[in-house]
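These protein sequence lines are chains A and B, in that order.
Here my numbering = 1-based position in the first sequence + 5.
Here my numbering = 1-based position in the second sequence + 11.
Report on one structure; see the data block that follows.
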Amino acid sequence: MSFINYSSREINCKIVYYGPGLCGKTTNLQYIYNKTNPETKGKLISLSTETDRTLFFDFLPLSLGEIRGFKTRFHLYTVPGQVFYDASRKLILKGVDGVVFVADSQVERMEANIESMDNLRVNLAEQGYDLNKVPFVIQYNKRDLPNAVSEEELRNVLNPRGVPDFPGVAPTGVGVFDTLKAVAKLVLTELKKGGQ
Amino acid sequence: MATQLVMYEEEFHRINAVCDRLTKDANAKVVFLVDKNGQLISAAGQTHNIDTTSLASLTAGNVAAMGGLAKLIGENEFPNQFHEGAKDSLYMTLVGGRVVLVVIFDNRTSLGLVRLRIKKASDELEKIFIALAARSSAPGAGSPFAEISDADIDNLFSE
Ligand SMILES: Nc1nc2c(ncn2[C@@H]2O[C@H](COP(=O)(O)OP(=O)(O)OP(=O)(O)O)[C@@H](O)[C@H]2O)c(=O)[nH]1
Ligand SMILES: [Mg+2]
Chain A
6 MSFINYSSRE INCKIVYYGP GLCGKTTNLQ YIYNKTNPET KGKLISLSTE TDRTLFFDFL
66 PLSLGEIRGF KTRFHLYTVP GQVFYDASRK LILKGVDGVV FVADSQVERM EANIESMDNL
126 RVNLAEQGYD LNKVPFVIQY NKRDLPNAVS EEELRNVLNP RGVPDFPGVA PTGVGVFDTL
186 KAVAKLVLTE LKKGGQ
Chain B
12 MATQLVMYEE EFHRINAVCD RLTKDANAKV VFLVDKNGQL ISAAGQTHNI DTTSLASLTA
72 GNVAAMGGLA KLIGENEFPN QFHEGAKDSL YMTLVGGRVV LVVIFDNRTS LGLVRLRIKK
132 ASDELEKIFI ALAARSSAPG AGSPFAEISD ADIDNLFSE
């Protein structure tokens with residue numbers, strides 16, 4: 006649910022990174038945070054456990070520049086991927102404008118990817134959103150690992166609709182900005198259509 | 012999709028005026044108005060050394076978590092929250108189910124006074140947000156971005 010302020014000429018949108026535990030959602034935000042100019046970003050807030058697992062959310066505000074005199078701001082959130090934090094995931098999806106699904110390419114995480122994708126669909130539906138209509142992109146992360154399944158297989162299983170998708174290695178930034186730009190573009194295009 | 016929050020000049024000034032006045036009347040340090048989704052709408056008072064964007068997001072997270080807890084025990088919402096610190100304290104109130112009014116204050120004022128002033132301000136704010144909702148759902152209030160082109164969007168990403 007974007008927030009458009011005609012008075013301060015700002016537009017704010019919310020993007021949520023979703024995916025199974027340890028797939029690399031937080032790492033995506035950390036990379037973005039480390040690679041953006043200080044004047045375009047705010048603080049990265051991480052509500053995490055002592056073992057660096059996301060407990061509630063990570064939050065990173067980013068400015069992307071101006072469109073027709075309106076400052077565009079994106080609020081990036083990650084959800085906690087661990088299965089038992091489902092109540093928190095639902096809360097974070099509230100008011101979402103665009104979703105990034107980060108998949109873990111490792112063969113042993115295939116089931117977790119599928120479960121998380123189903124969980125995303127259900128939780129969005131509970132908020133009245135249809136995953137097929139929300140601006141949505143997928144990142145196949147951890148491409149650097151030897152046990153990664155092929156992109157083609159991941160695509161077959163996770164992306165039957167053919168939404169924009171990208172291979173990623175989040176710690177070194179591979180695919181991180183491509184993913185972000187793709188979802189931001191879809192969100193703005195949706196706004197252009199009127200959103201409703 | 013859910014309807015977006017749109018803020019117009021007139022209502023924005025009225026909202027800012029209410030927040031300014033609340034800061035003075037309650038003798039508070041800072042007053043914030045935050046959308047339930049974590050967007051900062053207005054800030055008044057000594058905001059210079061506060062990270063307002065982070066504050067807005069954490070406020071929304073907190074209200075969302077407390078709302079979830081409320082439902083678990085059969086309440087609809089906890090409309091008011093008070094957190095007492097060693098120096099500064101914080102009071103949060105839900106306004107019209109849609110926005111959160113946050114007041115930060117210290118011992119130069121009292122909880123009783125803050126509560127009283129919040130009540131008045133939140134009644135006023137509620138009226139403004141009703142007007143705002145009516146305005147943005149009025150016919151002809153279509154997307155302000157209808158005229159942006161694909162090229163405009165591409166340009167944003169072309170560095
Ligand atoms: N080899 C490799 N490791 C990665 C990659 N992306 C993330 N990791 C590592 O995987 C671990 C988990 O990453 P996080 O970003 O914390 O995972 P998360 O999705 O936020 O996990 P939750 O918060 O539990 O949902 C960390 O040790 C990362 O360094 C990748 O592309 N390749
Ligand atoms: Mg995480």
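All C-beta atoms in this analysis are idealised placements derived from N, C-alpha and C, irrespective of residue type, glycine included.
Quick caveat: nothing in here was measured; it's all calculated off a predicted structure.
Give me the Cα-Cα distance between VAL127 of chain A and GLN57 of chain B, rounded to the nearest whole angstrom.
43 Å
Is the CB of ASN10 of chain A under 8 Å away from at least one CB in chain B?
For ASN10 of chain A, the answer is yes, since a Cβ of chain B falls inside 8 Å of its Cβ.
Contact between the stretch 72–86 of chain A and the stretch 17–31 of chain A (3+ Cβ pairs under 8 Å)
yes
Looking at THR120 of chain B: is its Cβ nearer than 8 Å to the Cβ of ALA37 of chain B?
yes
Per-residue DSSP class, three states only, for THR45 of chain A:
helix
Per DSSP, the bridge partner or partners of LEU81 of chain A
A:ILE20 and A:LEU65
Express the C-alpha separation of ASN118 of chain A and LEU163 of chain A in angstroms, rounding to a whole number.
8 Å
Would you check whether ligand 2 has a heavy atom nearer than 7 Å to the C-beta of ASP165 of chain B?
no
Using the Cβ count rule (16 or more neighbours within 10 Å means buried), how would you classify LEU51 of chain B?
buried
Closest by C-alpha distance to GLY167 of chain A, when choosing among A:GLY173, A:VAL174 and A:LEU159
A:LEU159
What residues match up with GLY56 of chain B in a beta bridge as DSSP calls it?
B:VAL41
For a test of the three-state rule: what should DSSP assign to ILE84 of chain B, helix, strand or coil?
coil
Proximity below 8 Å, CB of VAL111 of chain B to CB of TYR102 of chain B:
no
Chain A partners of PHE23 of chain B, CB-CB under 8 Å?
ASN10, TYR11, SER12 and SER13
Once DSSP output is grouped into helix, strand and coil, what is the label at ILE159 of chain B?
coil
Could you name the residues of the stretch 54–77 of chain B whose beta carbon sits closer than 8 Å to any beta carbon of chain A, in the order they occur along the chain?
Considering only beta carbons, the part of the stretch 54–77 of chain B lying closer than 8 Å to chain A consists of ASP62, THR64, SER65, SER68, LEU69, GLY72, ALA75 and ALA76, in chain order.
Could you check whether the Cβ of THR31 of chain A sits closer than 7 Å to any heavy atom belonging to ligand 2?
Short note on THR31 of chain A: C-beta closer than 7 Å to some heavy atom of ligand 2.
Count the other C-beta atoms from every protein chain shown that fall within 10 angstroms of the C-beta of GLY209 of chain A, then say buried if there are 16 or more, exposed otherwise.
The structure shown has nothing for residue 209 of chain A, since chain A only spans 6 to 201.
At least one CB of chain A closer than 8 Å to the CB of LEU6 of chain B: is that the case?
Nothing can be reported for residue 6 of chain B, as the shown portion of chain B is limited to 12 through 170.
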